[in-house]
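S.K.: After the C-alpha cells below, expect a handful of questions from me.
There are 2 protein chains.
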Amino acid sequence: MPLKPNETRLRAPSARSLETRTRIVDAAERLFAARGYDGTSMRDIATEADVHVGLVSHHGGNKIALFHYTVGRRAGELSQRRVDALEQMKAKGDLTVADVLRCFVDPLLTLSQEGGPQWRAYARLVAYVSADDRWRTLAEVCFDPAAQKFVDELVALKPDRSRALAAATLVYTVSALLAQITSSWRIDALAGERSIRFQQHRKMLLDFCVAGAERLLD
Amino acid sequence: MPLKPNETRLRAPSARSLETRTRIVDAAERLFAARGYDGTSMRDIATEADVHVGLVSHHGGNKIALFHYTVGRRAGELSQRRVDALEQMKAKGDLTVADVLRCFVDPLLTLSQEGGPQWRAYARLVAYVSADDRWRTLAEVCFDPAAQKFVDELVALKPDRSRALAAATLVYTVSALLAQITSSWRIDALAGERSIRFQQHRKMLLDFCVAGAERLLD
DNA sequence: CCTTGTTTTGAACGTATGTCCAATATACAC
DNA sequence: GTGTATATTGGACATACGTTCAAAACAAGG
Numbered sequence: 002m003p004l005k006p007n008e009t010r011l012r013a014p015s016a017r018s019l020e021t022r023t024r025i026v027d028a029a030e031r032l033f034a035a036r037g038y039d040g041t042s043m044r045d046i047a048t049e050a051d052v053h054v055g056l057v058s059h060h061g062g063n064k065i066a067l068f069h070y071t072v073g074r075r076a077g078e079l080s081q082r083r084v085d086a087l088e089q090m091k092a093k094g095d096l097t098v099a100d101v102l103r104c105f106v107d108p109l110l111t112l113s114q115e116g117g118p119q120w121r122a123y124a125r126l127v128a129y130v131s132a133d134d135r136w137r138t139l140a141e142v143c144f145d146p147a148a149q150k151f152v153d154e155l156v157a158l159k160p161d162r163s164r165a166l167a168a169a170t171l172v173y174t175v176s177a178l179l180a181q182i183t184s185s186w187r188i189d190a191l192a193g194e195r196s197i198r199f200q201q202h203r204k205m206l207l208d209f210c211v212a213g214a215e216r217l218l219d
Numbered sequence: 002m003p004l005k006p007n008e009t010r011l012r013a014p015s016a017r018s019l020e021t022r023t024r025i026v027d028a029a030e031r032l033f034a035a036r037g038y039d040g041t042s043m044r045d046i047a048t049e050a051d052v053h054v055g056l057v058s059h060h061g062g063n064k065i066a067l068f069h070y071t072v073g074r075r076a077g078e079l080s081q082r083r084v085d086a087l088e089q090m091k092a093k094g095d096l097t098v099a100d101v102l103r104c105f106v107d108p109l110l111t112l113s114q115e116g117g118p119q120w121r122a123y124a125r126l127v128a129y130v131s132a133d134d135r136w137r138t139l140a141e142v143c144f145d146p147a148a149q150k151f152v153d154e155l156v157a158l159k160p161d162r163s164r165a166l167a168a169a170t171l172v173y174t175v176s177a178l179l180a181q182i183t184s185s186w187r188i189d190a191l192a193g194e195r196s197i198r199f200q201q202h203r204k205m206l207l208d209f210c211v212a213g214a215e216r217l218l219d
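The listed protein sequences correspond, in order, to chains A and B. Residue numbering for the first sequence follows the working numbering, beginning at 2 and increasing consecutively. Residue numbering for the second sequence follows the working numbering, beginning at 2 and increasing consecutively.
Okay, here's the thing in C-alpha cells:
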C-alpha cells in the first residue's frame with residue numbers, strides 16, 4: 002500500500018526521508034488512537050512528529066489518505082501473525098474451538114502489551130476503527146479477510162452449527178478483546194483492585210470467550 | 002441535571018421553548034452518536050434541529066456542557082430500568098448469574114431495538130462514550146453506579162470468587178452488548194446472511210455472556 | 001396597551017482547520 | 001563540481017469552528 006497513491010518517482014527516497022515518513026506516521030498513529038480522526042489535526046501530527054506542517058501532506062498525502070495508511074500499515078502484519086498462529090496450531094494436531102480463539106486473540110493482546118508503545122497505540126486505533134461505523138469499509142478491508150478465515154475454521158470444526166453462530170462468536174470475542182485492551186482499567190476500577198496482572202487479564206478474557214464459544218457452538 | 006448550570010430564571014420556560022430545547026438535544030444526541038464529539042459542530046446541531054446557531058448555545062450552554070447533558074439525560078432512566086429489573090427478579094426468588102446478566106443487558110438492548118430512533122441513537126452514544134478514554138470520568142459518573150450494583154450482586158451470588166472475576170464478567174458483557182448494538186451488521190456480514198432476527202441476536206448474546214460468566218464464576 | 005423577561009435572530013469576533021505553492025535546502029548521479 | 005530530483009521550509013489561501021452580543025420578536029401579567 003503506497004503512502005501517496007500514484008506516486009511516480011525517479012529516485013528512491015533517501016534514508017532521512019524514510020525516517021521522517023516513519024516519524025510522521027508514528028505520530029499520526031499515536032494521535033489518531035488517542036483522539037480519533039476528527040480530534041487530531043494535521044498540525045497536531047506535525048508538532049508530535051517535530052516536523053513542518055507541509056511535510057505531513059508531502060509524505061502522507063491528505064488527511065484521510067494518511068489515516069487509511071496508518072490503519073493499514075500494521076494490519077497486514079497483524080493478520081499474518083493471526084493466520085500463522087492458526088496454521089502452526091493446525092500442524093500440531095486437531096484444533097479445538099479454544100485453539101482457534103487463542104490464535105485470534107493472542108497476537109493483538111500480546112503485541113499491545115509487549116510490542117512497544119507503537120503497537121499499544123495501534124491496538125487502540127484498531128478499537129477506534131472497529132467501533133465507528135464511519136470506518137466500516139476500511140475495517141472490512143483491513144480486518145475482515147482474516148476474520149473470515151477464523152469463522153471458516155470454526156464452521157469447519159462444528160459443521161452442524163449455523164455460520165451465524167460462528168460469526169457471532171468471533172464478533173463478541175473481538176469486542177471483549179478490544180475492551181480488554183482499551184478498558185482494563187475499568188475492570189480494575191470495578192474490582193476495587195490496583196492493576197491486575199496482564200496474564201490474569203489474559204486468562205479471564207480467554208476463559209470467558211472460550212466458554213461463550215463452546216456454549217454457542219457445542 | 003440542569004441544561005445550563007447556574008441558570009437563574011424569573012419565569013418558567015414556555016412550552017415552545019421547551020420543545021426547542023428538546024429538538025436541540027435530540028439533534029445533538031443523533032449527531033454525537035453518529036460522528037462523535039469532534040465530528041459534530043454546533044452548526045451541524047443547529048441545522049439538524051432546524052434552529053439558529055446562537056440558540057444551541059442559549060439552550061445547551063457551550064459544546065461540552067451540551068455533550069454532558071446529552072449523555073446524562075437518559076443515563077438515569079437506563080440505570081433505573083436496570084436496577085428495577087434486578088429488584089423485580091430478586092423478588093421472584095433466588096437469582097442466578099444468568100438472571101443478573103439478563104437484567105443488565107436487556108433494558109439497553111430492548112430500548113435500542115424498540116425504544117424508537119432516539120433510544121437507538123442513545124445506545125450508540127453510550128457505546129461511543131464507553132469506548133473513548135477521553136470520557137472516562139463522564140462514563141464513571143453516568144454508568145458505574147449501576148454497574149457496581151451488578152458486580153456486587155455477582156459477588157454476593159458467588160462469594161468464594163474474587164471480585165476481579167465479577168468485574169471482568171461485567172466488562173466483557175458490556176462490550177459484547179455494545180458490539181451487538183453497534184455492529185450487528187458485522188455478524189450478519191461474517192455470517193453471509195441478511196439481517197438475522199433481533200431475538201436470535203439477543204439469544205446468541207445472552208448465551209455467550211452467560212456461559213462466559215459461569216466459567217469465570219463457577 | 002405597556003412593561004418586563006424570555007426567546008430568537010443576525011452578524012460578528014478571533015482562532016483553527018486542511019490544503020496548497022513558491023522558495024530554499026539537501027542529496028545523489030554523472 | 002554541476003545538474004536534477006527530492007525534501008524541507010515559510011507562508012498564504014479560503015473555509016469552518018465555538019462563542020458572544022446587541023437588537024428584534026415574542027409571551028404574559030398588570
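We put the beta carbon where it would ideally sit given N, CA and C, even for glycine.
Report yes if the CB atom of Ile188 (chain B) is closer than 8 Å to the CB atom of Ala165 (chain A), and no otherwise.
M.R.: yes
S.K.: Enumerate in chain order the residues of its own chain whose CB-to-CB distance from Ala28 (chain A) is below 7 Å, with the five nearest sequence positions on each side excluded.
M.R.: Excluding five sequence positions before and after Ala28 (chain A), the CB atoms of its chain that fall closer than 7 Å to its own CB belong to Ile46, Glu49 and Ala50, given in chain order.
S.K.: Taking the alpha helix (DSSP H) that Leu126 (chain B) falls in, what are its first and last residues?
M.R.: Pro118 to Ala132
S.K.: Chain B partners of Gln149 (chain A), CB-CB under 7 Å?
M.R.: Here the neighbours are Leu191.
S.K.: Going along chain A, which residues have a C-beta under 9 Å from Ile182 (chain B)?
M.R.: Residues of chain A passing the Cβ test: none, with the nearest at roughly 10 Å.
S.K.: Please list the terminal residues of the continuous alpha helix (DSSP H) segment that includes His60 (chain B).
M.R.: Val54 to Gly61
S.K.: Taking Cβ to Cβ, would you say Gln114 (chain B) is nearer than 8 Å to Phe199 (chain B)?
M.R.: yes
S.K.: Report yes or no: do the region 167-181 of chain A and the region 94-106 of chain A share at least 3 C-beta pairs separated by less than 8 Å?
M.R.: The answer is yes - the region 94-106 of chain A touches the region 167-181 of chain A, with three or more Cβ pairs under 8 Å.
S.K.: Output the distance between the C-alpha atoms of Arg83 (chain A) and Arg10 (chain A), rounded to the nearest integer angstrom.
M.R.: Roughly 34 Å between the two C-alpha positions.
S.K.: What residues of chain B sit near Gly40 (chain A), judged by a beta carbon separation below 7 Å?
M.R.: Asp39
S.K.: Counting only runs that start and end within the region 20-56 of chain A, where is the alpha helix (DSSP H) found for 4 or more residues in a row?
M.R.: 43-50
S.K.: Tell me, please, whether the region 91-102 of chain B touches the region 65-82 of chain B by the rule of three or more beta-carbon pairs shorter than 8 Å.
M.R.: no
S.K.: Taking Cβ positions only, does Tyr123 (chain B) come closer than 8 Å to chain A?
M.R.: no
S.K.: With H, G and I counted as helix, E and B as strand and the rest as coil, what does DSSP make of Glu115 (chain B)?
M.R.: Note: Glu115 (chain B) maps to helix in three-state DSSP.
S.K.: Between the alpha carbons of Asn7 (chain A) and Gly62 (chain A), how many angstroms are there, rounded?
M.R.: Between Asn7 (chain A) and Gly62 (chain A), the C-alpha separation is close to 11 Å.
S.K.: When the cut-off is 8 Å and only beta carbons count, does Cys210 (chain B) lie next to chain A?
M.R.: yes
S.K.: Say whether chain A places a C-beta atom closer than 8 Å to the C-beta of Val57 (chain B).
M.R.: no
S.K.: His53 (chain B): buried (16+ other C-beta within 10 angstroms of its C-beta) or exposed?
M.R.: By the neighbour-count rule (16 or more Cβ atoms within 10 Å), His53 (chain B) is not buried but exposed.
S.K.: Would you kindly work out how many angstroms separate the C-alpha atoms of Pro146 (chain B) and Arg216 (chain B), rounded to a whole number?
M.R.: 25 Å
S.K.: With DSSP as the reference, label Arg195 (chain B) as helix, strand or coil.
M.R.: coil
S.K.: As a quick exercise: from B:Ala124, B:His60, B:Met205 and B:Leu171, pick the residue whose alpha carbon is nearest that of Ser15 (chain B).
M.R.: Ser15 (chain B) has its Cα closest to that of B:His60, out of B:Ala124, B:His60, B:Met205 and B:Leu171.
S.K.: Roughly how many angstroms lie between the CA atoms of Ser163 (chain A) and Ile25 (chain A), to the nearest whole one?
M.R.: 45 Å
S.K.: Leaving out the 5 sequence neighbours to the left and right, which residues in its chain are closer than 6 Å to Val57 (chain A) when beta-carbon positions are compared?
M.R.: Ile25, Met43, Ile46 and Ala47
S.K.: Does the distance from the CB of Ile182 (chain B) to the CB of Ala124 (chain B) come in under 8 Å?
M.R.: yes
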